[in-house]
Every structure is written in structure tokens, then in C-alpha cells.
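Here's the structure we're looking at; comments come further down.
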Amino acid sequence: TVLYLESTNNVAYTEEIFGPVLIVFKAGSLDDAIDMINNNPFGNGAAIFTASGAAARKFTTEVEAGQIGINTPIPVPLPMFSFTGNKKSIRGDINFYGKSGVHFYTQLKTVTSNWPYQPTDLGGVTMPTIGKN
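And the structure:
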């Protein structure tokens, strides 16, 4: 399910929802997008599609989410990494699995990136879609 939201006053932004759901916002700038993500009380995951390494680095550094996707639509890590939700997106003192005992007092951030070797003709990197040639 893809939800395009016009406002942060929508329940899909104010409550944490799970399932196969992608929430899409249009932001005026990268700083506006980062503020929109960080103003949310939850911090499960966020993704950005960009051809700019500088924008990707800024997003990775400043976004307060535990799972970051760079040019990948779903920033969920493989099972060998801990689930790294932040803020109200995690319950208890430790993560579900991984080396949580070592990281008891550490807030983790997982970054998943995809940088294609060939330039695209679409002006940047785009989200893959089912059935697209």
C-alpha cells in the first residue's frame, strides 16, 4: 500500500503503522524532509532516493530513524543485523536480536545503500517498481 500524504496531521503520520505500507510526502527541501521525519515521535525507518552522495550523507547523519535506506525502498536489514528502531519505535531496553547485550547503552543506526554503476536517463535514482522493464 502506498499512501501519499498532503499533511503531517494524517493518522498515518501520527501513529506508527506496520504492514506493507509506504508513506510518501513531498518536501520543499532536504532540510524540510529531515525535519518532517525527525518531528515524528517514532523512528523506525526512512528512505531517500538520490544521485547525490552529499544529500545521502546528510540524510544518513541527521535523520533520527534506526533504519535508513539510500536508494532502496525498504530499509529493513537482513536478519544478521539487529532491528534498530529508535525513539518510540522500540520497546524495552534492548533490541530483539543481534549483539544487543554489547549495545545495551548504544543507539544503533543501520544504513542500507544502493549506488548503481551506470548513470540513469531519469535524472537520478528511482524506486524500482514491479513489472517495470
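Residue numbers for the sequence shown, in the numbering used here: 34 to 166. For glycine and all other residues, C-beta sits at the position ideal for the given N, C-alpha and C.
Is residue i helix, strand or coil when you go by DSSP?
i      : result
THR76  : At residue 76 the sequence reads Gly, which differs from the Thr that was named. Reduced to three states, the DSSP call for GLY76 is strand.
VAL144 : strand
LEU36  : strand
ILE70  : helix
Going by Cα to Cα distance, which pick from the options is closest to residue i?
i      : options                         : result
ASN72  : ALA98, GLY61 and LYS91          : ALA98
THR149 : ALA84, PRO106, LEU141 and GLU48 : Inspection of the sequence shows that residue 149 is occupied by Pro rather than by Thr. Out of ALA84, PRO106, LEU141 and GLU48, ALA84 has the C-alpha closest to the C-alpha of PRO149.
GLY102 : THR145, ALA89 and ILE56         : THR145
LEU36  : LEU55, LEU141 and LEU63         : LEU55
GLU48  : ASN77, ARG90, THR143 and LYS142 : ASN77
Would you kindly report the start and end of the unbroken beta strand (DSSP E) that includes residue i?
i      : result
ILE56  : 55-57
ILE101 : 100-103
Leaving aside the five residues before and after residue i along the sequence, list all residues of the same chain whose C-beta is less than 8 angstroms from its C-beta, in chain order.
i     : result
PRO53 : THR34
VAL96 : ILE67, ILE70, ASN71 and ALA79
LEU38 : ALA45, TYR46, ILE56, VAL57 and PHE58
Can you list, in chain order, the residues of its chain whose CB lies under 7 angstroms from that of residue i, leaving out five sequence neighbours each side?
i     : result
MET69 : THR41, PHE58 and ALA60
In the DSSP assignment, find the alpha helix (DSSP H) that holds residue i and state where it starts and stops.
i     : result
VAL44 : 44-47
GLU95 : 86-95
How should residue i be labelled, buried or exposed, when 16 other C-beta atoms within 10 angstroms of its C-beta is the threshold for buried?
i      : result
VAL44  : exposed
GLN100 : buried
ALA87  : exposed
THR94  : exposed
In chain order, what residues of the same chain lie with their CB nearer than 6 angstroms to the CB of residue i, ignoring the 5 residues before and after it?
i     : result
PHE92 : ILE81
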